[in-house]
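Here's the structure, in structure tokens; my notes come after.
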Amino acid sequence: MADGIFIGKGEEHPQWLVLRRANRHGLIAGATGTGKTVTLQGLAEGFSRDGVPVFLADVKGDIAGMAMTGSADAAWTVARAKEVGLDDYRFEANPVVFWDLFGTQGHPVRTTITEMGPLLLARLMNLNDTQEGVLAICFKYADDNGLALLDLKDLQAMLAHCADNAQELATKYGNVTRASVGAIQRQLLQLDSQGGSNFFGEPALDIHDMIAVDDNGRGQVNILAADKLMQSPQLYATFLLWLLSELFTTLPEVGDPAKPTLVFFFDEAHLLFDDAPKALLDKIEQVVRLIRSKGCGVYFITQNPIDVPDTVAGQLGNRVQHALRAFTPRDQAAVKAAATTFRSNPNVDVATVITQLKVGEALVSTLGDDGAPSPVERTMIAPPRSRVGPITPAERKVMIDTSVVVGKYETLVDRESAYEILNAKSAAAQAAADATAAQTAQEKAAAIAAKAQAKADADLARANAVQARVAARPQPKSLGEKMLESAARSAATSISRQVAGKLGGQLLRGILGGLFK
581 MADGIFIGKG EEHPQWLVLR RANRHGLIAG ATGTGKTVTL QGLAEGFSRD GVPVFLADVK
641 GDIAGMAMTG SADAAWTVAR AKEVGLDDYR FEANPVVFWD LFGTQGHPVR TTITEMGPLL
701 LARLMNLNDT QEGVLAICFK YADDNGLALL DLKDLQAMLA HCADNAQELA TKYGNVTRAS
761 VGAIQRQLLQ LDSQGGSNFF GEPALDIHDM IAVDDNGRGQ VNILAADKLM QSPQLYATFL
821 LWLLSELFTT LPEVGDPAKP TLVFFFDEAH LLFDDAPKAL LDKIEQVVRL IRSKGCGVYF
881 ITQNPIDVPD TVAGQLGNRV QHALRAFTPR DQAAVKAAAT TFRSNPNVDV ATVITQLKVG
941 EALVSTLGDD GAPSPVERTM IAPPRSRVGP ITPAERKVMI DTSVVVGKYE TLVDRESAYE
1001 ILNAKSAAAQ AAADATAAQT AQEKAAAIAA KAQAKADADL ARANAVQARV AARPQPKSLG
1061 EKMLESAARS AATSISRQVA GKLGGQLLRG ILGGLFK
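Structure follows, in structure tokens:
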């Protein structure tokens, strides 16, 4: 089939995935160890050979082997190829580009806070209406004042600035409470603790670097290292939410192209849906419903078909169901659910066969050229042509160093943005306040000094006046002078008495003598 991907050999017909129906999405399900990864790898290789770029989230690290040529040491692949009738089977590698949000196992993947936008961030962090409004005010204020929001520290600084200036913002933008800002900051700290600082920043990923073909016309296989990322579920959800939204807004409407523009494979999808934020579930449902017209196909790989929400599962037209084990009531319910999703085939008892499938076998039903699902058929899955399994760190390094995008995203650019501008303004305001305080202190010290000097001058004047008055008074006589004066007074008194006595006697005698004469 020239315009399709060979899936495997059915009991009645060869099973193909029609390219022009591949954007109707799909599901690959089955218990652990039943062959889901091999099916995924084979389909991804088929899309790449037909010039369709592919995105894979490598949760366990075992899809990275697509970058390497398969080896005859894996004898089962050669035997399987003969069993399913692949006469032209040969080993070959794929044009793989490795990506990693942490920048260790691939090229860094980043976006800016502005590109994420307040709505997606608010939904991702499960903010209430009031908190979502405060976040929107923060973005609007930053936009109005030319404050670029690039990374987490920009947003954190912007929120703190809005809280500090809430009274000024209230009349133009609305109320900003410290309680709401605190709640948002706590969510940001949680995101940061999971590695959010690695995801938000520049240079931001150009989505067209993922939608590319090589010189031979083969679609680029983009493999995201997700083994470490899955330990940070909020960050993983943030990335997927952004990537799906970016594709939805960037890609043009193409209707039903002859082949997809891009195909997504979400391995271990149950990890994606378990405890996922409602915003992510809503966005996935929206994308699955609408992104078909953008030429994108989305394929989920999971252990149990009931792991995928019904609103999403109902949109998956191409299905590959590996063996399920009906050991528990939940497993039995999954078997019944899976059996009802296939177009019936009188020759296949789906509920029974699902539990009897061997490793590498699957029940397959795909959309035909007319858009109708094919009758379900037991199928032996074709082997991949690249290595099945992980690669060594040395091999990964060579692939990264020789990638078509090497050097474009490795160096983090921390240009002037809200954090730096607000810090500079804060520093300038603090410096002005310090200068004013210093001037005030200097003036106060000068006033105190002047007052002290005036008091000293007054004290000196009073002292001089007292000294002048003291100087104007008669000087006290010495003891000798006092003794001489006393002696003189005594002598004078004695003499006066003697003189007075003599004069008195003479006078008395004169008077008496006059009388007696």
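To get this note's numbering, take the position in the sequence shown, counting from 1, and add 580. C-beta atoms are modelled at their ideal positions from N, C-alpha and C, and glycine is treated no differently. Bear in mind that the values here come from a model prediction, so they are computed numbers and not experimental data.
{"Item": "Alpha carbon to alpha carbon, what distance is there between Gln800 and Ala903?", "Value": "31 angstroms"}
{"Item": "Note down the Cα distance separating Ala659 from Glu941, rounded to an integer number of angstroms.", "Value": "14 angstroms"}
{"Item": "Hey, how far is the Cα of Asp890 from the Cα of Leu896?", "Value": "10 angstroms"}
{"Item": "Determine which residues share a DSSP beta bridge with Lys589 and list them.", "Value": "Pro594 and Met960"}
{"Item": "According to the neighbour-count rule (16 or more other Cβ atoms, all chains shown, within 10 Å of its Cβ), is Ala849 buried or exposed?", "Value": "buried"}
{"Item": "At which residues does the beta strand (DSSP E) containing Val944 begin and terminate?", "Value": "Glu941 to Ser945"}
{"Item": "Could you check how far apart the C-beta atoms of Leu700 and Ser777 are, in whole angstroms? I think they sit under 8 angstroms.", "Value": "In fact, because the Cβ distance is near 18 angstroms, the residues do not count as touching under 8 angstroms."}
{"Item": "Using a threshold of 8 angstroms, state whether the C-beta atoms of Asn603 and Pro840 are closer than that.", "Value": "yes"}
{"Item": "Within 10 Å of its beta-carbon, does Thr617 have 16 or more other beta-carbons around it, so buried, or fewer, so exposed?", "Value": "buried"}
{"Item": "Can you tell me which of Ile643, Arg629, Gly610 and Gly584 puts its alpha carbon nearest to the alpha carbon of Gly797?", "Value": "Arg629"}
{"Item": "Might you give, ordered along the chain, the residues of its own chain that have their beta carbon closer than 8 angstroms to the beta carbon of Ser945, omitting 5 neighbours on each side?", "Value": "Asn898, Arg899, Phe922, Arg923, Pro953, Ser954, Pro955, Val956 and Glu957"}
{"Item": "Is the segment 689-698 touching the segment 724-739 in the sense that three or more CB pairs, one from each, lie closer than 8 angstroms?", "Value": "yes"}
{"Item": "Just mark Lys863 as buried or exposed, buried being the case when its beta carbon has 16 or more other beta carbons within 10 Å.", "Value": "buried"}
{"Item": "Any idea which residues DSSP pairs Trp679 with across the strands?", "Value": "His687 and Leu804"}
{"Item": "Can you tell me the Cα-Cα spacing of Pro970 and Ile717, whole angstroms?", "Value": "47 angstroms"}
{"Item": "What three-state label does DSSP hand Gln774 in the structure shown?", "Value": "coil"}
{"Item": "Identify which residue in Thr649, Thr619 and Gly713 has its Cα closest to the Cα of Ala750.", "Value": "Gly713"}
{"Item": "Quick one: is Thr1098 buried, meaning 16 or more other Cβ sit within 10 Å of its Cβ, or exposed?", "Value": "With the chain covering 581 to 1097 only, the question about residue 1098 has no answer from this structure."}
{"Item": "Among Glu1065, Ala1029, Leu785 and Phe635, which has the Cα closest to the Cα of Leu623?", "Value": "Phe635"}
{"Item": "CB Ala644 to CB Asp653, shorter than 8 angstroms?", "Value": "no"}
{"Item": "Can you give me the Cβ contacts of Asp847 inside the same chain, cut-off strictly under 6 angstroms, excluding the 5 residues immediately before and after it?", "Value": "Ala637, Val639 and Ile881"}
{"Item": "Among the residues of its own chain, which have a CB less than 8 angstroms from the CB of Pro964, if the five just before and after it don't count?", "Value": "Val618, Gln621, Gly622, Glu625, Met646, Gly650 and Thr657"}
{"Item": "Bridge partners of Glu1108, per DSSP?", "Value": "The structure shown does not extend to residue 1108, since the chain spans only 581 to 1097, so no value can be given for it."}
{"Item": "Out of Ile608, Gly641, Asp642 and Leu599, state which residue places its alpha-carbon closest to the alpha-carbon of Phe627.", "Value": "Leu599"}
{"Item": "For Gln895, name the three-state secondary structure that DSSP assigns.", "Value": "coil"}
{"Item": "Find out if the Cβ-Cβ distance for the pair Thr935, Arg976 is shorter than 8 angstroms.", "Value": "no"}
{"Item": "So, at 8 angstroms on beta carbons, what are the nonlocal neighbours of Ala962 in its own chain, with the 5 sequence-adjacent residues on each side left out?", "Value": "Phe586, Ile587, Gly588, Lys589, Gly622, Arg660, Ala661, Val664 and Leu666"}
{"Item": "Within 10 Å of its beta-carbon, does Leu1040 have 16 or more other beta-carbons around it, so buried, or fewer, so exposed?", "Value": "exposed"}
{"Item": "Could you say which of Pro837, Phe682 and Asn755 lies nearest to Met1099 if we only look at CA atoms?", "Value": "With the chain running from 581 to 1097 in the structure shown, residue 1099 is simply not present."}
{"Item": "Mind checking which residues open and close the beta strand (DSSP E) that includes Leu1180?", "Value": "No statement about residue 1180 is possible, as the shown extent of the chain runs from 581 to 1097 and does not include it."}
{"Item": "What residue range does the alpha helix (DSSP H) around Ile717 cover?", "Value": "Asp709 to Asp724"}
{"Item": "What distance in whole Å lies between the Cβ atoms of Arg690 and Ala784, which are believed to be in contact at a cut-off of 8 angstroms?", "Value": "6 angstroms"}
{"Item": "For Asp794, which of helix, strand or coil comes out of DSSP?", "Value": "coil"}
{"Item": "Could you tell me the boundaries of the beta strand (DSSP E) in which Tyr879 lies?", "Value": "Cys876 to Thr882"}
{"Item": "From the DSSP output, in three-state form, read off Gln936 for me.", "Value": "coil"}
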